[in-house]
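Participant: This is the structure I want to talk about, given as structure tokens.
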Amino acid sequence: MGYSADEMEILEQNPYIRIVSPLTFVMEDSLYKSLFKEWMQDKRGATIEAGLVQRGIPKGLISDRYIAAVVWSFQGTNGYLRYRDIKSKANDVALVASGLFTTRREQVAWNPEFKKSLLDHYPKETFEDGILKAGLIPETLGNQRMANLRHAYKVRMDREGRFCDQDACKSNVPIQTCPDNPAGDAWQYGSHPYVSGVSGNRSLTMTAVFFNEANVLEGLSVQEILQLYEIDPANVGRNCISEIRMKLITWEKTDEVQEEWDEQVLRIQQRRLSILISQTEKSFARIRSEAGRLRPLQKKQLCRQLSEYPTRTEYPYGYSLRHILAKAGISKTVYYKALYDEEYGRSEERREERDKADLEKVVRVMEYKGFEKGIRQIYMMMPDLVGETFAISKIRRLLRQNGIKTKVRRENPARQRMGKFLERNRKQNLLRREFRLHRPNEVRLTDVTYLDYGTGEEKKRAYGSSCIDPVTGRLLVFHVSENNDLDLAMETLEKLSDCPSVEGALFHSDQGILYFTDEFQEKVAEMGLMQSMSKRGNCWDNAPQESFFGHFKDECGYGGCESFDALRTMIDAYAWYYNNERRQWDRKRMTPVQYEAYLLSLDEEGYAEYMRTEREKYDRMKAKAEKQAIERAKTLGV
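Following this line, the structure appears as structure tokens:
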């Protein structure tokens, strides 16, 4: 099952994807190598899928076959590859994922049925058209596979005695055409300077000079080349175009040149020269962009190649050496030093040889007696095992450059990303256990608890998220869900919006992951609340909320509920009972609703007296906590 037009459009807009076809897609080499690095740390298909999704490729467009193809391409002959050995097999991955190709050890092979179908329909249908019809882009296959396919067809025809031999195919013998498709007229090109013969209605035999000149026109299709040479591709058979394409791929340049020039040849050469100049400028731009990142030995090789470029002294229309170096981004000093200084780049070569020898020593220590060793252990054991030691930074560099990782306490990228996320979204404890030193509706506490219910083998688990006002003790929200996910927390906020609070009220919770999410924190800010969090692992910072859950689980017999609806009904009934009928000892034996009404009825003098009393209680609690902390410190908590 292939991609729809809309799905293909989504993939084509992704910068990490190079080619998209109805059956598969080809990723960029940079993405392929990045996935390999991630896979080396966690060799699972899920790692590949997560990497592709992270780069904006929808999960629904990543097939299991594609993931399996990527994993296959990462495995060497012994199931292990190093990063420096990895070569992009993005095209091979796409072919295998399409289902039209299979794997044989490390190689990609044609699906026999697919290959037979292409051969059976040729030449009435060109190989390129057959591949396109099957749902692949011919470019994905590469020139070598297309050449092998044509060779297979020639072998088949040769066995049946219906095709020219190899020497005849390479000569100027007219190319066979398909008599079933006589449309078009190729006879008009009989006097064309680059055509040596016309056969049938739509078959041309091009001269050796044509192939000499066209062979250097990179990036142009056969149709574009024919248009350049003033030949309308619509008048040329598809079989003929395919044969010209194959001949261009395998062509070896001869000494033949165009001897007779007329106005047509002049026009063609002017356009050809314009294209060659454009290609040259692009090549220089590509060299210039890479030159700054080249190592000395690579730069030396580049300078040798530039020295072979025809200059104005050798070719009247060439560039001067100064112009060539400026376009390539190479200074004259570097150019001459690279060409004539034998020591240029040798220091890097010697360093690489030294690193290679040093790496062998590090690996020898790593593999000693087969036990896993970390970087520090390698560092400490080197003097005893190899008679010398390296700096820890050098050991790390050698292992990193060669794609070798120790398994001892290896860093976990996912955990590191999570740590950074938590650090970014963690909020300060603004409440500081001053639960009752506020007015009603100035503080909201929240938390989540699990709710096990059902009998016998039908035990189930639900999750309850509640909010209370610690000043009045009133239960504001008790939302129940079958899943402990972000929706649970967001629904709690939605219901809390029905209980107005003062502007800038505190919203306090523990450090549960739900309260760290960007969506949740944005919603809290949108409601005009200031978010506050307990210290990690400290339940006392959210004590009233924890206390509520304790009373609830002691008093509400929800465990016997047979269904989720029955559980929710019972909890709603308990919530009304808790607020309106259940009295609280430390709140003047009133219910939460009565106590809230009592506090709101106090005048300023009465409320000041209330706050003084609560402050004294808080100070006594704080002094007691400090004393207990000192006693625990003396005994180290034992």
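Residue 261 in numbering that gives the first Met the number 0 sits at position 262 of the sequence shown; the count goes up by one each step and never skips.
Here a beta-carbon is modelled for each residue, glycine too, at the ideal position from N, C-alpha and C.
May I have the straight-line CA-CA distance separating Arg611 from Asn411, to the nearest angstrom?
Facilitator: Counted from its first residue, the sequence shown places residue 611 at position 612. Counted from its first residue, the sequence shown places residue 411 at position 412. Their backbone Cα atoms lie some 51 Å apart in a straight line.
Participant: If you reduce the DSSP assignment to three classes, tell me which class Cys538 lands in.
Facilitator: For this step, residue 538 is matched to residue 539 along the sequence shown. Helix.
Participant: Taking 8 Å as the threshold (C-beta atoms), are Leu421 and Phe551 in contact?
Facilitator: The residue you call residue 551 lines up with position 552 of the sequence shown. The residue you call residue 421 lines up with position 422 of the sequence shown. Result no, Cβ atoms of Phe551 and Leu421 do not sit closer than 8 Å.
Participant: Counting only runs that start and end within the region 104–153, where is the beta strand (DSSP E) found for 3 or more residues in a row?
Facilitator: You should have 106–109.
Participant: Report yes if the C-beta distance between Thr405 and Ile374 is below 8 Å; otherwise report no.
Facilitator: Sequence index remark: in the sequence shown, residue 405 carries index 406 (1-based). Sequence index remark: in the sequence shown, residue 374 carries index 375 (1-based). A contact, by the Cβ cut-off of 8 Å.
Participant: Going by beta-carbon coordinates alone, are Gln530 and Gln520 separated by less than 8 Å?
Facilitator: Against the sequence shown, residue 530 aligns to sequence position 531. Against the sequence shown, residue 520 aligns to sequence position 521. In contact: Gln530 and Gln520 (Cβ atoms closer than 8 Å).
Participant: So what does His478 bridge to, in DSSP terms?
Facilitator: Translated into positions along the sequence shown, residue 478 becomes position 479. DSSP lists Ser464 as partners of His478.
Participant: From Leu513 to Val592, what does the alpha carbon distance come to, in whole angstroms?
Facilitator: Sequence index remark: in the sequence shown, residue 513 carries index 514 (1-based). Sequence index remark: in the sequence shown, residue 592 carries index 593 (1-based). Those two C-alpha atoms are separated by around 29 Å.
Participant: Is the beta carbon of Tyr152 less than 8 Å from the beta carbon of Tyr188?
Facilitator: Taking the first residue of the sequence shown as 1, we reach residue 152 at position 153. Taking the first residue of the sequence shown as 1, we reach residue 188 at position 189. For Tyr152 and Tyr188, no; Cβs fall outside 8 Å.
Participant: Quick one: which unbroken alpha helix (DSSP H) runs of 4-plus residues sit fully inside the region 514–564? Chain order, please.
Facilitator: Those alpha helix (DSSP H) runs which fall completely within the region 514–564 and span 4+ residues are 517–525, 542–554.
Participant: Tell me whether the region 361–373 and the region 327–341 touch, counting them as touching only if at least three CB pairs, one residue from each stretch, are closer than 8 Å.
Facilitator: No, they do not touch.
Participant: Ends of the alpha helix (DSSP H) at Thr332?
Facilitator: Here residue 332 is taken as the residue at index 333 of the sequence shown, counted from 1. Note, Thr332: alpha helix (DSSP H), 331–339.
Participant: Pop quiz: His507 and Glu490 are said to be a contact at Cβ under 8 Å. What is the actual Cβ separation, rounded to whole angstroms?
Facilitator: In the sequence shown, residue 507 corresponds to position 508, counting from 1. In the sequence shown, residue 490 corresponds to position 491, counting from 1. His507 to Glu490, Cβ: 19 Å. No contact.
Participant: Return the first residue and the last residue of the beta strand (DSSP E) that Pro452 is part of.
Facilitator: Within the sequence shown, the letter at position 453 stands for residue 452. One detail in the question is off: residue 452 reads as Tyr in this sequence, not Pro. Segment 442–452, the beta strand (DSSP E) holding Tyr452.
Participant: So, for Ile248: in the same chain, excluding its five sequence neighbours on each side, which residues have a beta-carbon less than 7 Å away from its beta-carbon?
Facilitator: Counted from its first residue, the sequence shown places residue 248 at position 249. Excluding sequence neighbours, Ile248 sits near Asn142, Ala146.
Participant: What are the start and end residues of the beta strand (DSSP E) that includes Thr491?
Facilitator: Along the sequence shown, one-based indexing puts residue 491 at 492. It is not in any beta strand (DSSP E) - Thr491 instead sits in the alpha helix (DSSP H) that spans 485–495.
Participant: Taking all protein chains shown into account, do 16 or more other C-beta atoms lie within 10 angstroms of the C-beta of Phe283, making it buried, or fewer, making it exposed?
Facilitator: Along the sequence shown, one-based indexing puts residue 283 at 284. It is buried - the Cβ of Phe283 has at least 16 other Cβ atoms within 10 Å.
Participant: For a quick check, are the C-beta atoms of Gly463 and Val447 less than 8 Å apart?
Facilitator: Along the sequence shown, read from residue 1 onward, the residue named residue 463 stands at position 464. Along the sequence shown, read from residue 1 onward, the residue named residue 447 stands at position 448. In contact: Gly463 and Val447 (Cβ atoms closer than 8 Å).
Participant: Select from Trp71, Ile224, Glu8 the residue whose C-alpha is nearest the C-alpha of Trp38.
Facilitator: Within the sequence shown, the letter at position 39 stands for residue 38. Residue Trp71 is the option with its Cα nearest to Trp38.
Participant: Bridge partners of Met26, per DSSP?
Facilitator: Sequence index remark: in the sequence shown, residue 26 carries index 27 (1-based). The partner list for Met26 (beta bridge, DSSP) reads Ile16.
Participant: Under a Cβ-count criterion, where at least 16 other Cβ atoms within 10 Å of its own Cβ denotes burial, should Pro21 be classed as buried or exposed?
Facilitator: Taking the first residue of the sequence shown as 1, we reach residue 21 at position 22. It counts as buried.
Participant: Count the other C-beta atoms from every protein chain shown that fall within 10 angstroms of the C-beta of Ser638, then say buried if there are 16 or more, exposed otherwise.
Facilitator: The question about residue 638 has no answer here: the residues shown for the chain are numbered 0 through 637.
Participant: On a Cα-Cα basis, can you pick out the residue from Cys538, Met526, Asp468 that is closest to Asn578?
Facilitator: On the sequence shown, residue 578 is found 579 positions in, with the first residue counted as 1. Ranking the options by Cα distance to Asn578, first place goes to Asp468.
Participant: For His437, which of Phe210, Ser500, Ser220, Glu456 has the nearest alpha-carbon?
Facilitator: Numbered from 1 along the sequence shown, position 438 holds the residue referred to as residue 437. Of the listed residues, the one whose Cα sits closest to His437 is Ser500.
Participant: Would you kindly work out how many angstroms separate the C-alpha atoms of Glu347 and Leu301, rounded to a whole number?
Facilitator: Translated into the one-based positions of the sequence shown, residue 347 becomes position 348. Translated into the one-based positions of the sequence shown, residue 301 becomes position 302. Using only the alpha carbons, I get a separation of about 16 Å.
Participant: Going by CA-CA distance only, name the one from Pro309, Leu216, Gly236 that's closest to Gln278.
Facilitator: Within the sequence shown, numbered from 1, the residue matching residue 278 stands at position 279. Closest by alpha carbon: Leu216.
Participant: Does the region 197–209 come within contact of the region 237–246, defined as at least 3 CB pairs closer than 8 Å?
Facilitator: Output reads yes: the region 237–246 touches the region 197–209.
Participant: With distances taken between CB atoms, is the gap from Glu656 to Ile267 smaller than 8 Å?
Facilitator: Beyond the ends of the chain as shown, which are 0 and 637, falls residue 656; an answer cannot be given.
Participant: Measuring CB atoms only, is the region 426–445 touching the region 537–553, in the sense that at least three cross pairs come out at less than 8 Å?
Facilitator: The answer is yes - the region 537–553 touches the region 426–445, with three or more Cβ pairs under 8 Å.
Participant: Taking 8 Å as the threshold (C-beta atoms), are Tyr573 and Cys555 in contact?
Facilitator: Looking up residue 555 in the sequence shown gives position 556. Looking up residue 573 in the sequence shown gives position 574. Yes, the Cβ-Cβ distance between Cys555 and Tyr573 is below 8 Å.
Participant: How many Å lie between Glu124 and Cys239 at the Cα?
Facilitator: As a position in the sequence shown, residue 124 is number 125, starting the count at 1. As a position in the sequence shown, residue 239 is number 240, starting the count at 1. The straight-line gap from Cα to Cα measures roughly 12 Å.
Participant: Counting along the chain, where does the beta strand (DSSP E) carrying Ser600 start and finish?
Facilitator: Within the sequence shown, the letter at position 601 stands for residue 600. First-last for Ser600: 591–600, but that is the alpha helix (DSSP H), not the beta strand (DSSP E).
Participant: Sorted by chain position, which residues of the same chain lie with C-beta nearer than 6 Å to Ser241's C-beta, five sequence neighbours on each side aside?
Facilitator: In the sequence shown, residue 241 corresponds to position 242, counting from 1. Counting only Cβ-Cβ distances below 6 Å, and skipping sequence neighbours, we find Thr125.
Participant: Hey, which unbroken runs of the alpha helix (DSSP H) at 4 residues or more fall wholly within the region 252–331?
Facilitator: If we require 4 residues or more, the alpha helix (DSSP H) runs fully inside the region 252–331 come out as 262–290, 295–306, 320–327.
Participant: Using CA atoms only, rank isn't needed, just tell me which of Met532, Ala68, Ala607 is closest to Leu505.
Facilitator: Counted from its first residue, the sequence shown places residue 505 at position 506. The residue with the shortest Cα to Cα distance from Leu505 is Met532.
Participant: What does Gln583 pair with, by DSSP beta-bridge criteria?
Facilitator: Looking up residue 583 in the sequence shown gives position 584. Met589, per the DSSP bridge assignment.
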